[in-house]
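Working notes, structure below.
Right, dumping it as structure tokens:
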């Protein structure tokens, strides 16, 4: 089985994000591997450990932060890495990402594509699903369990509105995984050392054989025109002291001030 | 005139509140409205769908649509969108919406937006607002296509109880089943429980409740109040609460009238799922817990001591 996973660099959501004049202030931001992509990598590596599989990751973008997360993917157990680095990709949207991954897929004869169900920076959750539509492949999103049935089939569980849905999927296919699927491993020292020696296959859009216009880059379906700081809630009244007294006080406030009881 | 197609949110044969919220917003914008309902044994809902504020009801009712499957669901929505010539296609905030909206957008070659909190229409120009980066920022997005498919964030639009529509049912033909991703069964652990998305009050537990006994204690309070019962991620990871109870960036996003966070410290990922609530009450032993920064009312104390008193005091005022 050949597995392709996607890896996106995202801003560290634990840090403060500041906005000025409609844009995010880049200064002081740090970038990490999208947490859900970490689950995708872990899923691929576990499938490789249980079955025979070759794992490849694709990363879009350049720079040290992307190299760092690719090395982390290697250290977790990924075999190969493809990086698409092109200055045109500065302002991409899910359908552009999907178009690029489609091209990578078509050149690699993969059986299974695993992506995180969304990225922590946009929380959109579109790329993997749109990719499957472009490729006309079966797709299941929000997957919390996966196992190989045979070379051509997998069984997955997804968290749906009615409960846990169990599906059998014919390969090739796309799945997007939730964080409930596994606990990503901390790379061992040996893996980290080996990851430093592995080669990353870097190419630009021309090298991949596709142009910015073919990806729809010249005419994006939507554009972010402005960032604004979210309205933050203010801390309200906090009570300390005798439990019986303060709890009665708070219930009174809920009923008579907030009027929600 | 703008035409807005709302995808009906149906659970266990019942139309959920989000459908009316979306239709209320659509009518407030001044759009022509339609709704598309997909499922099995749902034809009887056509009056409810009209009452919710739609003037046309596209209904795909077929045995094969009993269990959710994304591809045939998508076909029905695309079919309705084409017949209605919809400019905007709106989904309520649900796993169904998140799975189907990008597919519909790809098939219609339309723009797609997840989690929108506002939509403005100025002539042909659609502009939307949505949160990003775990709610830390808001994005304003200009849509360049004539059509937009969007999932609307829970609680973003308010239902206008005064609206209603007219009944005009259009039956959709049954779609082809997905033969490559076959739904085998659904393990329902939520049947009969109060839906987190619909509840007026949601009570969530975190690490502070410690174990099953702590969960049971809080569950008693939730039962008293007919409240939805949610969880932080820590409790899900510990195997003490089911995954579908998780409130937060990766789980359910809720916006009830009252949210009670019991023994929850308030990690950024959890806050992203509940800060849209009208009123927040937090109970935590640690006075420095970040949950207190977003809570309207905070009780610093041991929840094992506080919850029984809460139950008593609430019983007193509710009679």
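Chains as they are written, first to last, in this note's numbering: chain C, -12 to 248; chain D, 0 to 318.
Think of the CB as a built atom: it goes at the ideal place given N, C-alpha and C, for glycine as much as any other residue.
As the structure is a computational prediction, the values presented were derived from the model and not from experiment.
Residue i to residue j span [Cα, whole Å]
| i | j | result |
| --- | --- | --- |
| residue 119 of chain D | residue 235 of chain C | 44 Å |
| residue 54 of chain C | residue 272 of chain D | 32 Å |
| residue 156 of chain D | residue 0 of chain C | 27 Å |
| residue 247 of chain D | residue 62 of chain C | 29 Å |
| residue 9 of chain C | residue 215 of chain C | 6 Å |
| residue 242 of chain D | residue 142 of chain D | 34 Å |
| residue 121 of chain C | residue 247 of chain C | 48 Å |
| residue 77 of chain C | residue 103 of chain D | 26 Å |
| residue 172 of chain C | residue 29 of chain C | 7 Å |
| residue 39 of chain D | residue 173 of chain D | 10 Å |
| residue 111 of chain D | residue 22 of chain C | 23 Å |
| residue 219 of chain C | residue 134 of chain D | 9 Å |
| residue 184 of chain D | residue 148 of chain C | 13 Å |
| residue 110 of chain C | residue 93 of chain D | 14 Å |
| residue 166 of chain D | residue 43 of chain D | 12 Å |
| residue 221 of chain C | residue 280 of chain D | 13 Å |
| residue 51 of chain C | residue -4 of chain C | 11 Å |
| residue 68 of chain D | residue 126 of chain C | 10 Å |
| residue 34 of chain C | residue 142 of chain C | 12 Å |
| residue 311 of chain D | residue 299 of chain D | 18 Å |
Beta-carbon neighbours of residue i, restricted to chain C and to distances below 7 Å
| i | result |
| --- | --- |
| residue 184 of chain D | 153 |
CB of residue i within 8 Å of CB of residue j, strictly
| i | j | result |
| --- | --- | --- |
| residue 245 of chain D | residue 253 of chain D | no |
| residue 162 of chain C | residue 118 of chain C | no |
| residue 163 of chain D | residue 91 of chain D | no |
| residue 7 of chain D | residue 35 of chain D | yes |
| residue 167 of chain C | residue 136 of chain C | no |
| residue 43 of chain C | residue 67 of chain C | yes |
| residue 65 of chain C | residue 47 of chain C | no |
Where residue i meets chain D, residues with beta-carbon distance less than 8 Å
| i | result |
| --- | --- |
| residue 146 of chain C | 94, 242 and 243 |
Neighbouring residues, chain C, relative to residue i (Cβ below 9 Å)
| i | result |
| --- | --- |
| residue 358 of chain D | There is no way to answer for residue 358 of chain D, as the model of chain D reaches only from 0 to 318. |
| residue 19 of chain D | Per Cβ cutoff of 9 Å: no residues; residue 19 of chain D is ~18 Å from chain C at best. |
| residue 63 of chain D | Within 9 Å Cβ-Cβ: nothing; residue 63 of chain D doesn't reach chain C, min ~15 Å. |
Beta-ladder partner(s) of residue i, from DSSP
| i | result |
| --- | --- |
| residue 57 of chain C | The partner list for residue 57 of chain C (beta bridge, DSSP) is empty, contrary to what the question assumes. |
| residue 126 of chain C | C:161 |
| residue 149 of chain D | D:89 and D:112 |
| residue 134 of chain C | C:142 |
| residue 206 of chain D | Partner(s): none; residue 206 of chain D has no beta bridge. |
| residue 281 of chain D | D:260 and D:297 |
| residue 117 of chain C | Looking at the DSSP assignment, residue 117 of chain C forms no beta bridge with any residue, so it has no partner. |
With 16 other Cβ atoms within 10 Å as the buried cut-off, status of residue i
| i | result |
| --- | --- |
| residue 58 of chain C | buried |
| residue 224 of chain D | buried |
| residue 270 of chain D | buried |
| residue 275 of chain D | buried |
| residue 47 of chain D | buried |
| residue 84 of chain D | exposed |
| residue 29 of chain D | exposed |
| residue 351 of chain D | Residue 351 of chain D cannot be examined here, being either before or after the span of chain D that is shown, 0 to 318. |
| residue 232 of chain D | buried |
| residue 177 of chain C | exposed |
| residue 318 of chain D | exposed |
| residue 308 of chain D | buried |
Neighbouring residues, chain D, relative to residue i (Cβ below 9 Å)
| i | result |
| --- | --- |
| residue 225 of chain C | 281, 286, 291, 294, 296, 297, 298 and 299 |
| residue 216 of chain C | 135, 136 and 137 |
Residues that residue i contacts on chain D, provided the C-beta gap is smaller than 7 Å
| i | result |
| --- | --- |
| residue 44 of chain C | Within chain D, no residue comes near residue 44 of chain C; the closest Cβ sits about 21 Å away, beyond 7 Å. |
| residue 220 of chain C | 274 and 293 |
Contact list for residue i against chain C, beta-carbon separation under 8 Å
| i | result |
| --- | --- |
| residue 177 of chain D | 125 |
| residue 256 of chain D | 247 |
Below-8 Å beta-carbon distance, residue i vs any chain A residue
| i | result |
| --- | --- |
| residue 208 of chain C | The structure shown contains no chain A; its protein chains are C and D. |
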